[in-house]
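J.:
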Amino acid sequence: MLHTPKYLEVLDLSENPISKFPPTLQQVHKLTSLYLNNTDFENLTAHK
Numbered sequence: 032m033l034h035t036p037k038y039l040e041v042l043d044l045s046e047n048p049i050s051k052f053p054p055t056l057q058q059v060h061k062l063t064s065l066y067l068n069n070t071d072f073e074n075l076t077a078h079k
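Under my numbering, the sequence shown is numbered contiguously, ending at residue 79.
Written as structure tokens, this is what we have:
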């Protein structure tokens, strides 16, 4: 389970076996940088 702070600005999920975004990431409105190097994501689409 991922608990995301309301004011999180940078999140590095690199080197993790993650392939889907946790629903809690929808609550992170201040996020400016997201790092996903070497993860299991296959297809990423823009979300506004």
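Where is the CB? At the ideal position from N, CA and C, for every residue including glycine.
1) Identify whether L42 lies in helix, strand or coil by the three-state DSSP scheme.
2) So which of L44, S64 and T55 has the shortest CA-CA distance to F72?
3) Any Cβ of chain B within less than 9 Å of the Cβ of N47?
T.: In this structure, then:
1) Taken through DSSP and simplified to helix, strand or coil, L42 comes out as strand.
2) The shortest C-alpha separation from F72 is found at L44.
3) In summary, chain B is missing from the structure at hand, where a single protein chain is found.
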